[in-house]
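Each residue of the sequence shown is one higher than the one before, starting from 1 at the first, in the UniProt record's numbering.
We put the CB at the ideal spot given by N, CA and C, even for glycine.
Note that the structure is predicted; figures quoted are calculated from it, not measured.
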Amino acid sequence: MGGIWSSPAVGTAASSSAVPAKHQQQQRQPFHVKKVAIIGAGPAGLAAARYLTAQGAVDSITIFEQQDEVGGVWHYSGLAPKEVPVPQQDPFWGPEPSIWPEGAPAPIFPSPMYERLHANIPGSLMQFHDTAFPADEWLFPKREAIQAYLVRYAEDLRHLIKFRHQVTQVNLESQDGRDQWHLEASSTVNDDQVIRETYDAVVVANGHYSVPFIPSIKNLQEFNKAHPSIISHSKQYRKNEHFRGKKVVVVGNGPSGLDLALQINEVADRTLMSVRHPTSPDKISHIGCEEVPEIVEFLPDQRGVLFKDGKLGDDGKHINEFYDWVNKAKHVGKQPPHWEGEQFWQRKLAPQAKTKFEEDGCRAKTLADLGYQYEPGKEQ
């Protein structure tokens, strides 16, 4: 029996930052930010840099990125993390060790990206406000296309990025009522190279898919010791070949759980999906696996699990709130995105459309190709 945890990684501590408790001063100077550090050159870090640059309110921006390319979670490597603690419930676990392949110019920090991943929402909803996805791209873009898109988006920001530098410490200090942040970043290729700088503000954009979460279940640790190659987390998944001919339990039916169950079921002898809440019948039919209840106990001696039944074996709202908040500030700069009826319609339709997209062979470029037409005023 093989097992793979598909739960999303929990909120990560900056591999990076150690920020002290709330700092108070009786008298504060007016808000004064001219020198900014950004931790991470993934989608959030790149967007922050692009908007701060357009705003023209700061004199200096430095982006620290531990990898050798932009993209963050979308920067794929075929190398997977070697080990994940079992169980793993600490949100501040890490930083995770890098992998330095022989002959490679720099170490790799594996992300949760896997070989055949494509987005679970249309590219038209993923794209930045000022840069569209190519018109000939899949409706639900492949990971390669998303990474290429981010590289293109970062073209005029690369001079701001310090690649192969990992932020190891951030400390807040206040002098004469003015807060400043002292930051240290170490080179990932040269142990003797350390950057120490002071900034007026630090943007923490290092993502929230770094730290795996594996819950503590009865006898889980004992099972893992007895069968150390059985349990893995979705962050370690790259392709389904590892599960060929095996009996596999996928824990969780979120987006990654459903996608991994679909891929694993293509080659596994039998695929079970252990869930807390039932999956819709159309998705179960599309995936083709068997749904079972939660696991309540691991059985090391039997190399099995006990299930709970006794058997063995609307997210666009915040986007418009942010748009309204920025416009109230009345600063000259970039406009954030604003969703209208069609964008909300696309987002609500996305899970159903993605199933149809996959059943149709991943050929569609638009929702219209799948037979969906937007009708204004009929979003519900």
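In terms of Cβ geometry, V70 and S111 do not form a close pair [threshold 8 Å].
Note on L262: 16 or more other CB atoms within 10 angstroms of its CB, so buried under the neighbour-count rule. In this structure, the alpha-carbon of L272 lies about 25 Å from that of I121. Rounded to the nearest whole angstrom, the C-alpha separation of H286 and A353 is 12 Å. Counting only runs that start and end inside the segment 24-58, the beta strand (DSSP E) elements of at least 3 residues fall at 35-39. The beta strand (DSSP E) runs of length 3 or more contained entirely in the segment 76-133 do not exist; there are none. K247 sits in a strand when the DSSP states are folded into three classes. The C-beta of G78 has fewer than 16 other C-beta atoms within 10 Å across all chains shown, which makes the residue exposed. For H233, the enclosing beta strand (DSSP E) has its first and last residue at 231-233. Residue burial annotation: A48 is buried, with at least 16 other C-beta atoms found within 10 angstroms of its C-beta. With fewer than 16 other beta carbons inside 10 angstroms of its own, E83 counts as exposed. Ranked by Cα distance from N219, the first of I231, V211, P212, Y209 is I231. Inter-residue distance for C362 and E173 is about 52 Å (C-alpha atoms, whole angstroms). Using a 10 angstroms sphere on the CB of E266, the tally of other CB atoms stays under 16, which defines it as exposed. CA-CA distance, G45 to V204, rounds to 8 Å.
Distance check between D360 and each of P281, S186, L139 places L139 closest, using alpha-carbon atoms only. E65 counts as buried, since at least 16 other C-beta atoms from the protein chains shown sit within 10 angstroms of its C-beta. Counting every other CB atom within 10 Å of its CB across the protein chains shown gives T131 a total below 16, marking it as exposed.
Pairing L306 with W93, the inter-Cα distance amounts to about 28 Å. Under the three-state reduction of DSSP output, Y209 falls in the coil class, being neither helix nor strand. For I108, the closest of R238, D68, L52 by C-alpha to C-alpha distance is D68.
Judged by DSSP in its simplified three-state form, V275 adopts coil rather than helix or strand.
Here L312 is exposed, its C-beta having fewer than 16 other C-beta atoms within 10 Å.
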